[in-house]
Amino acid sequence: MRNITLEQGSDAWLLYRMEHANASECGALMDCAPAWMKINTPYKLWQYKEGDLSDDVGDFNRAIMDFGTRMEPIARAWLSEQVGIHLDSKVFEENINTLSYSASLDGYGESAGEDFTVKAEIKCPATGEKSKTWKAAADNEILPYYYWQVVHQEMVCPTTKTYFAVFVEGAESVIIDMDEAVPGWKKDVAVLKSAWELFFAEPPAPDWEEMEDMAAWSLAESDFAEAKQALADAEKGVKFAKEALIGLTNTHQARGLLVEVSKRHRKGAIKYKDVPEIKDINLEPYRGNGSDFWDVRLRK
Numbered sequence: 174m175r176n177i178t179l180e181q182g183s184d185a186w187l188l189y190r191m192e193h194a195n196a197s198e199c200g201a202l203m204d205c206a207p208a209w210m211k212i213n214t215p216y217k218l219w220q221y222k223e224g225d226l227s228d229d230v231g232d233f234n235r236a237i238m239d240f241g242t243r244m245e246p247i248a249r250a251w252l253s254e255q256v257g258i259h260l261d262s263k264v265f266e267e268n269i270n271t272l273s274y275s276a277s278l279d280g281y282g283e284s285a286g287e288d289f290t291v292k293a294e295i296k297c298p299a300t301g302e303k304s305k306t307w308k309a310a311a312d313n314e315i316l317p318y319y320y321w322q323v324v325h326q327e328m329v330c331p332t333t334k335t336y337f338a339v340f341v342e343g344a345e346s347v348i349i350d351m352d353e354a355v356p357g358w359k360k361d362v363a364v365l366k367s368a369w370e371l372f373f374a375e376p377p378a379p380d381w382e383e384m385e386d387m388a389a390w391s392l393a394e395s396d397f398a399e400a401k402q403a404l405a406d407a408e409k410g411v412k413f414a415k416e417a418l419i420g421l422t423n424t425h426q427a428r429g430l431l432v433e434v435s436k437r438h439r440k441g442a443i444k445y446k447d448v449p450e451i452k453d454i455n456l457e458p459y460r461g462n463g464s465d466f467w468d469v470r471l472r473k
């Protein structure tokens, strides 16, 4: 791992984040980010990485984030005293299997002999003890999107000890020892690494656009549902009548005024995977061009 020095919020910093897989993006990657996050699904994260989606969180959420930024130095000094090691904010990067990862640590420190290292993720919720973050931590739990953020930090910057802290000035603050709260949590590093590798290898499926409040859509989907039901009823009637006609046929061919019935033979499909000569050949280069189509179906 390498320590990186960049001015947070600068153009260089923003470009750096675009070129790396970052710890704060793990909630979106693992599809567990809350609705208030602008980038909160794998597809939105992919759009952001492609430059098609801004990460602007809006004035309200920006004010909350600014509050956390202002409180962080105070919280870091408090946590340093609690754990007995001076902590500094650090940014580390690491390359794993050709992918570039980055992690901004709210707190990182080493013992005098550098044989004991500590990192910490510190949250300073503007709503204090009323926040979901503090309430979960008070029960020795970490919200999922923050958990994967900490796992990512471990992947980039493994340390002897890892803490998750929620600081509330003038009130009760919480420190969670990851090893005690979630035994075996470091095994999830492999899970997260696989998720990142799949994300960059194959774009995630687009998010669903919810159309519940559009009158024209509601009318069209009602028409579609009714037509599908009518088609299903018709197909059921056709099947019943077809079976009746076959049952009334005594030879291989019969016909009436409207319908003719004949028994025919169809060759079986060739099982190409069983042909020895092409068993080990990659057939993908011989595949024709793909095409897009619309799949319209009733929701289950």
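According to the numbering used here, the sequence shown is numbered sequentially starting from 174.
By construction, the Cβ of each residue, glycine as well, lies at the ideal position given by its N, Cα and C atoms.
Keep in mind it's a predicted model, so treat the numbers as computed, not measured.
If you draw a straight line from the C-alpha of residue i to the C-alpha of residue j, how long is it?
i, j, result
"R175", "R470", "50 Å"
"V434", "A403", "25 Å"
"T306", "E254", "22 Å"
"C199", "S395", "39 Å"
"A285", "T333", "14 Å"
"S391", "L431", "40 Å"
"E287", "S367", "30 Å"
"K409", "K401", "12 Å"
"K412", "F466", "28 Å"
"I247", "S183", "23 Å"
"D361", "N455", "34 Å"
"G357", "C330", "17 Å"
"A388", "R472", "18 Å"
"Y189", "G343", "36 Å"
"G441", "D447", "14 Å"
"N268", "L365", "14 Å"
"W422", "F397", "The amino acid at residue 422 is misidentified as Trp; the sequence shows Thr. Their backbone Cα atoms lie some 37 Å apart in a straight line."
"F289", "S262", "17 Å"
"A417", "E399", "27 Å"
"H438", "N462", "32 Å"
"L179", "K222", "20 Å"
"G429", "D468", "38 Å"
"D453", "E382", "42 Å"
"G420", "A407", "20 Å"
"P449", "T424", "41 Å"
"A393", "S464", "25 Å"
"K415", "I443", "29 Å"
"E535", "I258", "No statement about residue 535 is possible, as the shown extent of the chain runs from 174 to 473 and does not include it."
Would you mind stating whether residue i and residue j have Cβ atoms separated by less than 8 Å?
i, j, result
"C297", "M351", "no"
"V347", "A338", "yes"
"L202", "F372", "yes"
"I295", "R249", "yes"
"Y459", "I451", "no"
"G282", "L260", "yes"
"D279", "A293", "yes"
"E385", "N270", "no"
"I349", "A405", "no"
"I211", "D228", "Contrary to the premise, residue 211 reads as Lys rather than Ile in this sequence. Contact: yes."
Sorted by chain position, which residues of the same chain lie with C-beta nearer than 8 Å to residue i's C-beta, five sequence neighbours on each side aside?
i, result
"H193", "E266, S273, Y274, S275"
"V341", "C297, P298, G301, E302, W307"
"L252", "L260, G280, A293, I295, Y336, A338, F340, I348"
"G224", "M191"
"A185", "L179"
"E345", "E302, A311"
"D380", "T214, Y216, K217"
Enumerate in chain order the residues of its own chain whose CB-to-CB distance from residue i is below 7 Å, with the five nearest sequence positions on each side excluded.
i, result
"V256", "V291, Y336"
"K359", "E327"
"Q220", "L226"
"P207", "N213, Y318"
"Y320", "none"
For residue i, list the residues DSSP reports as bridge partners.
i, result
"A276", "F265"
"T335", "K292"
"R428", "E433"
"V347", "V339"
"N176", "F265"
"N195", "S275"
"G282", "V291"
Against chain B, with Cβ distances strictly below 8 Å, would residue i count as a contact?
i, result
"G461", "Reference to chain B is not applicable here, since this structure consists of a single protein chain."
Leaving out five residues before and five after residue i in sequence, what residues of the same chain have Cβ atoms less than 6 Å from its Cβ?
i, result
"I315", "F337"
"Q426", "S435"
"C205", "P317, Y318"
"S277", "V264"
"I177", "V264, E266"
"S304", "P298"
Next on the checklist: Would you call the stretch 368-378 in contact with the stretch 213-223, where contact means no fewer than 3 C-beta pairs closer than 8 Å?
Outcome noted: yes
Checklist entry - Can at least three beta-carbon pairs, one atom from the stretch 320-331 and one from the stretch 191-211, be found at a separation below 8 Å? => result yes
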